[in-house]
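Enquirer: In our numbering, the protein residues as written are 346 to 529.
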């Protein structure tokens, strides 16, 4: 790969994922997770581009074709299985055809979680990055915050004792017998 000099550097975001008013999901740079790069607004494209240092105006970063949700969903599944708590920072090397060739993990709360996410990311098709108007080998940043949620069992509810009038008698309900389907 002689085009490694064309790689675009990037910075990692520090925000968290948020829900939008229309029920969508925004990532750390307030970008819709379920939209491919072509469906992002100009403002969202600028936010994605801000993650890459030295990205010229005509250049485009690599981006998952199914949107960032293609990365977030497997990561969420892995976190549910492993129960990890912490930050995962990685980069994915994307070739000229939008195919991930390598995942470098820099920080992870759990090695098996990182392995699961890396394997899932290697299956994702990306929109290749463009440098100077032509496709190039680029790196895509992954910064995931995993938070383990622990639920405590609720205290058993105290059921109120039923209050009946003084002359009320509790009678057994009559049993209604239905013919079985064999009696037909």
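Backbone N, C-alpha and C define an ideal beta-carbon position, used for all residues, glycine too.
1. Residue 449 lies in the alpha helix (DSSP H); which residues open and close that run?
2. Please classify residue 424 as buried or exposed, where buried requires at least 16 other C-beta atoms within 10 Å of its C-beta.
3. What is the DSSP secondary structure of residue 424, counted as helix, strand or coil?
4. Label residue 416 either buried or exposed according to how many other C-beta atoms from any shown protein chain fall within 10 Å of its C-beta, with 16 as the threshold for buried.
5. Counting C-beta neighbours from all protein chains within 10 Å, is the total for residue 487 16 or more, i.e. buried, or is it exposed?
6. Inspect the CB distances between the region 433-444 and the region 389-397 and report whether three or more fall short of 8 angstroms.
7. Check residue 441 in the structure and name its three-state DSSP category.
8. Run the CB neighbour count on residue 475, radius 10 Å, all protein chains shown included, and call it buried at 16 or more, exposed below.
9. Check residue 354 in the structure and name its three-state DSSP category.
Expert: Considering the structure as presented:
1. Element bounds for residue 449: not the alpha helix (DSSP H) but the beta strand (DSSP E), 445-452.
2. buried
3. helix
4. buried
5. buried
6. no
7. coil
8. Residue 475 comes out buried.
9. Annotation note: pLDDT 38 at residue 354 (below 50); position unreliable, no value reported.
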